[in-house]
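The next block holds one structure in the form of structure tokens; read it before the comments.
2 protein chains.
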Amino acid sequence: MAKSGTRIQKKNQAAILEAGLDVFSQFGFRGSTIDQVATKAGLSKPNLLYYFPSKEAIYTALLAQLLEDWLEPLKALDRDGDPVEELMAYAKRKLDMSQHYPKESRLFANEIIQGAPRIGDVLKGELRALVEEVSDVINGWAEAGRIRPVNPYHLVFTIWAVTQHYADFDVQVRAIMGDVDPFDSAERHLDDMLRQMLSV
Amino acid sequence: MAKSGTRIQKKNQAAILEAGLDVFSQFGFRGSTIDQVATKAGLSKPNLLYYFPSKEAIYTALLAQLLEDWLEPLKALDRDGDPVEELMAYAKRKLDMSQHYPKESRLFANEIIQGAPRIGDVLKGELRALVEEVSDVINGWAEAGRIRPVNPYHLVFTIWAVTQHYADFDVQVRAIMGDVDPFDSAERHLDDMLRQMLSV
DNA sequence: CGTTGCTTTGACCAGTTGGTCAAATATTGC
DNA sequence: GCAATATTTGACCAACTGGTCAAAGCAACG
Chain A
1 MAKSGTRIQK KNQAAILEAG LDVFSQFGFR GSTIDQVATK AGLSKPNLLY YFPSKEAIYT
61 ALLAQLLEDW LEPLKALDRD GDPVEELMAY AKRKLDMSQH YPKESRLFAN EIIQGAPRIG
121 DVLKGELRAL VEEVSDVING WAEAGRIRPV NPYHLVFTIW AVTQHYADFD VQVRAIMGDV
181 DPFDSAERHL DDMLRQMLSV
Chain B
1001 MAKSGTRIQK KNQAAILEAG LDVFSQFGFR GSTIDQVATK AGLSKPNLLY YFPSKEAIYT
1061 ALLAQLLEDW LEPLKALDRD GDPVEELMAY AKRKLDMSQH YPKESRLFAN EIIQGAPRIG
1121 DVLKGELRAL VEEVSDVING WAEAGRIRPV NPYHLVFTIW AVTQHYADFD VQVRAIMGDV
1181 DPFDSAERHL DDMLRQMLSV
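Now the structure itself:
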């Protein structure tokens, strides 16, 4: 997407996307201004618009890039692996993403909360198909007696909800837990929860 | 808050708050306009501003009203009740709120994701104290051997995350599950999950 | 009926917003 | 060093934003 171009183009496009992530993830699309993004990227507004044709273009570029990273871990679920370990590894990976890429998580959350006007099709298409596949795998595991029977959709939702909570509601989590880092204990909790829920 | 006044005042104030909930929960504070709220409330912009002094005032009124309803179920946790039933009843109540008041949930989510600029103090004060109390109760139950030992903070976060997910990410949940109503199966899943996690 | 106070509105304002454009400035390849 | 190209900028614009205000409409009470 942002491949071609001179060094300076690459540098500025990257700076814009990073700044855009900062701003959009905090204020949502409508709540953000080009000027905010430009300033944070160290550019003037017309200069930013030399690299991206519009505010919308920056936002959709971010969203497209994000969606790839978002769907990828789900694809890594291996039906031939150990069921409990596979699911716990997936959850752990999602939790790591919340810890290390919280802005991406919040950008996504903002978009979904606002009704997913730009990625509704991806949700109903690619994501839905992917979850259906995963659902089959989980059901297979359950039928083979390798995990407790669970509703696979809600299991996936639960993993998403819990892991993303630590990114999206970070400020609330920290307000409640104080100075303790939430992620260490969160990982143990998640581990325990899934093991308890899935072990036969 | 909106008690005094004539019938017409009450009617219009209520209409404004309802419209404000609609708009703010979808677009966040900065992404919403007074005009949107006014139109949705069936009023002209100056007329709306006759009842509320500013956009901010509508928003904070909503937030204040919301916070009460939000904290109340937590207070209802009874340390003398049956531990598993108490926690499951709390989770069920939160899930019901997600089902019947999704906009409230999304308004809250928007505010938190954007850094809780207006309710940071409540989070660090009242909410934190409340969760600390609940945490003591849960720890007490665990020490008495009435539930499995769990990290009480993360247990509470898990209940919040999972239940609110069905309101905040409603569009994603429905995109994936299709025409099936998520809430019936979600309730069973939540029930099963908590029982599995907490039963000794 | 008329007056008093509540309600509604059109016109308006200053600041912000997304976006344009021509001109100025840097960079690059020769 | 110079021409071609890429980058940056100040000035600008129309639309929109939150908010004001004086005047008009309306209800109710005597």
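Protein chains in written order, with the numbering used here: chain A, 1 to 200; chain B, 1001 to 1200.
Ideal placement from N, C-alpha and C gives every residue a C-beta, glycine not left out.
Predicted, not measured: the structure shown is a model, and the values here were computed from it.
Check                                                                                                                                                                              : Outcome
DSSP three-state label for A:Arg-7, please.                                                                                                                                        : helix
Give me, in chain order, the residues of the same chain whose beta-carbon lies closer than 8 Å to that of B:Tyr-1090; leave out the 5 immediate sequence neighbours on both sides. : Pro-1073, Leu-1074, Ala-1076, Leu-1077 and Ile-1159
Taking Cβ positions only, does B:Asp-1168 come closer than 7 Å to chain A?                                                                                                         : yes
Mind checking if A:Tyr-153 is an interface residue toward chain B, Cβ cutoff 7 Å exclusive?                                                                                        : yes
Please check if any C-beta of chain A sits within less than 7 Å of the C-beta of B:Met-1097.                                                                                       : no
Any idea what DSSP makes of B:Thr-1060, helix, strand or coil?                                                                                                                     : helix
At the level of alpha carbons, what is the spacing between B:Lys-1003 and B:Gln-1013?                                                                                              : Residue placement at B:Lys-1003 is poorly supported in this model, since its pLDDT is 47, which falls under 50; the coordinates are not used for a value here.
Could you work out which residues of chain A lie near B:Ser-1054, taking near to mean beta carbons separated by less than 9 Å?                                                     : Simply none; closest approach about 17 Å.
For B:Met-1001, which of helix, strand or coil comes out of DSSP?                                                                                                                  : Low confidence applies to B:Met-1001: its pLDDT is 33, below 50, so where it sits in the model is not reliable, and the reading given next is rough at best. DSSP places B:Met-1001 in coil when its eight states are reduced to three.
For B:Tyr-1090, which of helix, strand or coil comes out of DSSP?                                                                                                                  : helix
In this structure, how does DSSP classify B:Asp-1080 when only helix, strand and coil are distinguished?                                                                           : coil
Please report the distance separating the alpha-carbon of A:Asp-170 from that of B:Ile-1113.                                                                                       : 8 Å
Listing by chain order, which chain A residues have their CB less than 9 Å from the CB of B:His-1189?                                                                              : Val-150, Asn-151, Tyr-153, His-154, Leu-155, Phe-157 and Thr-158
To the nearest angstrom, report how far apart B:Met-1001 and A:Lys-40 are at their CA atoms.                                                                                       : Only weak support exists for where B:Met-1001 lies, its pLDDT of 33 falling under 50; the value from the coordinates is given anyway. So the two alpha carbons sit approximately 40 Å from each other.
For B:Val-1200, count neighbouring C-beta atoms within 10 Å of its own C-beta (all shown protein chains included) and say buried if the count is 16 or more, exposed if not.       : exposed
Could you give the C-beta distance for A:Leu-66 and A:Phe-108, rounded to a whole number, given that I count them as a contact under 8 Å?                                          : 6 Å
Where does the unbroken alpha helix (DSSP H) through A:Glu-133 begin, and where does it stop?                                                                                      : 128-143
In terms of residues, what are the limits of the alpha helix (DSSP H) holding B:Pro-1102?                                                                                          : 1102-1113
Among the candidates B:Phe-1052, B:Val-1150 and B:Gly-1140, whose CA atom is the shortest distance from the CA of A:Gln-196?                                                       : B:Val-1150
Within its chain, find whatever has a CB closer than 7 Å to the CB of B:Asp-1191; leave out the 5 residues flanking it on each side and keep chain order.                          : Met-1088
State buried or exposed for A:Val-180, treating a residue as buried only when at least 16 other CB atoms are found within 10 Å of its CB.                                          : exposed
Whose C-beta lies closer than 7 Å to the C-beta of B:Ser-1135 among residues of the same chain, with five residues either side of it excluded?                                     : Pro-1152 and Tyr-1153
Can you check whether the C-beta of B:Phe-1027 is within less than 7 Å of a C-beta belonging to chain A?                                                                           : yes
If we cut at 7 Å on Cβ distances, does B:His-1165 have a partner in chain A?                                                                                                       : yes
Taking the Cβ atom as the reference point for each residue, do B:Ala-1175 and A:Lys-55 lie within a distance shorter than 7 Å?                                                     : no
Helix, strand or coil: which one does DSSP assign to A:Arg-195?                                                                                                                    : helix
7 Å is my cut-off, CB to CB: does B:Leu-1107 come that close to chain A?                                                                                                           : no
Classify B:Glu-1018 as helix, strand or coil using the three-state DSSP reduction.                                                                                                 : helix
Inspect the beta-carbon positions of A:Tyr-166 and A:Ala-186 and report whether they are closer than 7 Å.                                                                          : yes
I need the DSSP call for B:Val-1037, collapsed to helix, strand or coil.                                                                                                           : helix
Mapping the DSSP letters down to three states, classify A:Asp-181 as helix, strand or coil.                                                                                        : coil
Under 7 Å between the Cβ atoms of B:Leu-1198 and B:Ile-1147?                                                                                                                       : yes
Should B:Ala-1019 be flagged as near chain A, meaning a C-beta pair shorter than 7 Å?                                                                                              : no
Give the residues of chain A in contact with B:Ile-1147, contact being defined as C-beta atoms less than 9 Å apart.                                                                : Ordered by position in chain A, no residue passes the 9 Å Cβ test against B:Ile-1147, which lies about 12 Å from the chain.
Short of 8 Å in beta carbon distance, which residues of its chain neighbour A:Leu-21, apart from the five on each side in sequence? Order them along the chain.                    : Leu-62, Lys-103, Glu-104 and Leu-107
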